[in-house]
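Student: I have a structure I would like to understand better, so I am pasting it below and will then ask my questions one at a time.
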Amino acid sequence: ADLEKNFKSRIQTFAWIQGLAVRAVANVGFDVMDAAFSGAASAVTGLVFAPLDVADRVAERFGGSRVVTGVTGGVRSTVGGVVGGGTAVVGGSLAAGRALVQGATSGDVGQLGEAGRAFAGGVVGGVGSVVGGVAHAGQDVVGGVRAGVRSTSTTLFD
Numbered sequence: 491a492d493l494e495k496n497f498k499s500r501i502q503t504f505a506w507i508q509g510l511a512v513r514a515v516a517n518v519g520f521d522v523m524d525a526a527f528s529g530a531a532s533a534v535t536g537l538v539f540a541p542l543d544v545a546d547r548v549a550e551r552f553g554g555s556r557v558v559t560g561v562t563g564g565v566r567s568t569v570g571g572v573v574g575g576g577t578a579v580v581g582g583s584l585a586a587g588r589a590l591v592q593g594a595t596s597g598d599v600g601q602l603g604e605a606g607r608a609f610a611g612g613v614v615g616g617v618g619s620v621v622g623g624v625a626h627a628g629q630d631v632v633g634g635v636r637a638g639v640r641s642t643s644t645t646l647f648d
């Protein structure tokens, strides 16, 4: 009986160590994916925002800057919303993957629910970010056009 108990204990210890190793390797993979996506998102926003900054500076020199900054602000809001939405979905997916690995390597079936909640939270957050970005973009553009019309009408009638 002691031999059987000792053997089971060693198998359980080996399985625990193996699960720990799998979780560690998987989590490193998830961290690499997260860093890669974050870097790509940062590069995209930098590439998109750079010409918008130039357009704003040029518009300030030649008039009409309020309309231009409204439009460029709208583009920034849209891009920010879409990139933020993508980041939220990727974050939810990575959290779901981590929960699935945790559940699979520990035998914790409750992690399936956690994975579903994490993924759903990422999708909901992503959709909310995109919708918020587009709505804010509309406000930016309308605000810029209004300010431009006010500025022009004030200049004409002064």
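Mind the numbering: the sequence shown is residues 491 to 648 in this note's numbering, read in order.
All C-beta atoms in this analysis are idealised placements derived from N, C-alpha and C, irrespective of residue type, glycine included.
These numbers were taken from a predicted model, which means no experiment stands behind them.
Do residue 503 and the ligand MN come close, with the Cβ less than 6 Å from some heavy atom?
Tutor: In terms of ligand content, the structure shown is empty, and the ligand MN therefore cannot be addressed.
Student: My parser needs the alpha helix (DSSP H) runs of 4 or more residues fully inside the stretch 548 to 597; what are they?
Tutor: List check, alpha helix (DSSP H) in window: 555 to 596.
Student: Determine the DSSP secondary structure at residue 544, reduced to helix, strand or coil.
Tutor: Along the sequence shown, one-based indexing puts residue 544 at 54. The answer is helix: DSSP assigns residue 544 an H, G or I state.
Student: Quick check: what's the CA-CA separation for residue 600 versus residue 532?
Tutor: Locating residue 600 in the sequence shown gives position 110, counting from the first residue. Locating residue 532 in the sequence shown gives position 42, counting from the first residue. For residue 600 and residue 532, the distance between alpha carbons rounds to 35 Å.
Student: For residue 512, I'd like the list of residues in its chain whose CB is within less than 6 Å of its CB, leaving aside the five on either flank, ordered along the chain.
Tutor: Taking the first residue of the sequence shown as 1, we reach residue 512 at position 22. If we look at residue 512 and ignore the five residues flanking it on each side, its Cβ neighbours are 595.
Student: Going by alpha carbons, who is nearest to residue 608 out of 578, 598, 628?
Tutor: For this step, residue 608 is matched to residue 118 along the sequence shown. Checking every option, the nearest Cα to that of residue 608 belongs to 578.
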